[in-house]
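Read the sequence shown against UniProt numbering and you will find it ends at 69, with the numbers running on by one and no gaps.
Heads up, the beta-carbon is just placed ideally off N, CA and C, and yes, glycines get one too.
If you're wondering where the values come from, they're calculated on a predicted model, not measured in any experiment.
Shown next, in structure tokens, is the structure this report addresses.
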Amino acid sequence: MSAGLEQMPAQIASRAGLSWHRMCPAQRDTTAGGLPQWAVNMLLSLGCAFSMAAWLGFLAWSCWRVLLV
């Protein structure tokens, strides 16, 4: 069933007389800035992990301060 769904846009494009490749160009391996996509994903993941660690550290510090008072 999924194979049929994947072919539907190409069939619609061919019936309309359009080139499927013109409608949906191949994805590039680089972003608009020239960085590889994997590098962008890695930087975003590291940023998210650092942000979560900072929040958890802040929460732990806050709880520790409340328990000490």
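Under the DSSP assignment, A60 falls in the alpha helix (DSSP H) whose first and last residues are 37-68. Straight-line measurement puts the Cα of L59 at about 11 Å from the Cα of V66. Take the alpha-carbon of G57 and the one of C48: they are about 14 Å apart.
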